[in-house]
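Visitor: Sharing a structure below in structure tokens format, with a few things to ask.
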């Protein structure tokens, strides 16, 4: 009688990245409970849990990258040519508010004002912020 090793077929399940982390936490907790009770976890289950952990990590990395990319705005630090004469610099905004440029940016963000590009603000937004702050 000849015995040959047979492998069970592999089944692939697609899980959305946002779901990996909560599922991983539940399965990891169950594995830890089983091991505390003296049970063993099969290697295939350990690999699946590791795949969930990696999926959760990858998802969070991508979310972080896209959030940073969205918050960073355009790659260029210069306003578009068509808007060059139509923007107020952060330093000008700070001067009008009589604060530092860093504080001026914080005030603008707190008021819900987005820069056109880095260190460039729409004149109407600047006027509105100055009016809100009671400055000239």
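In this note's numbering, the protein residues as written are 48 to 183.
Virtual Cβ for every residue (Gly too), placed ideally from N, Cα, C.
As the structure is a computational prediction, the values presented were derived from the model and not from experiment.
Determine the direct distance from the alpha carbon of residue 142 to that of residue 170, and round the result to whole angstroms.
Guide: 14 Å
Visitor: Using the three-state DSSP reduction, which class does residue 57 fall into: helix, strand or coil?
Guide: Note: residue 57 maps to coil in three-state DSSP.
Visitor: Does residue 164 come out as helix, strand or coil in the three-state DSSP assignment?
Guide: Strand at residue 164.
Visitor: From 100, 134 and 109, pick the residue whose C-alpha is nearest to that of residue 76; which is it?
Guide: Considering only alpha carbons, the answer is 100.
Visitor: Name the two residues that bound the continuous alpha helix (DSSP H) containing residue 139.
Guide: 137-144
Visitor: Tell me which same chain residues have a C-beta within less than 6 Å of the C-beta of residue 162, skipping the five on either side of it?
Guide: Hits under 6 Å: 168.
Visitor: Going by the CB atoms, is the gap between residue 62 and residue 102 shorter than 8 Å?
Guide: A contact, by the Cβ cut-off of 8 Å.
Visitor: Please classify residue 110: is it buried, with 16 or more other beta-carbons within 10 angstroms of its beta-carbon, or exposed?
Guide: exposed
Visitor: Specify the secondary structure class of residue 152 as computed by DSSP and reduced to three states.
Guide: helix
Visitor: Got a sec: is the Cβ-Cβ distance from residue 93 to anything in chain B below 8 Å?
Guide: Among the chains in the structure shown there is no chain B, since it carries only a single protein chain.
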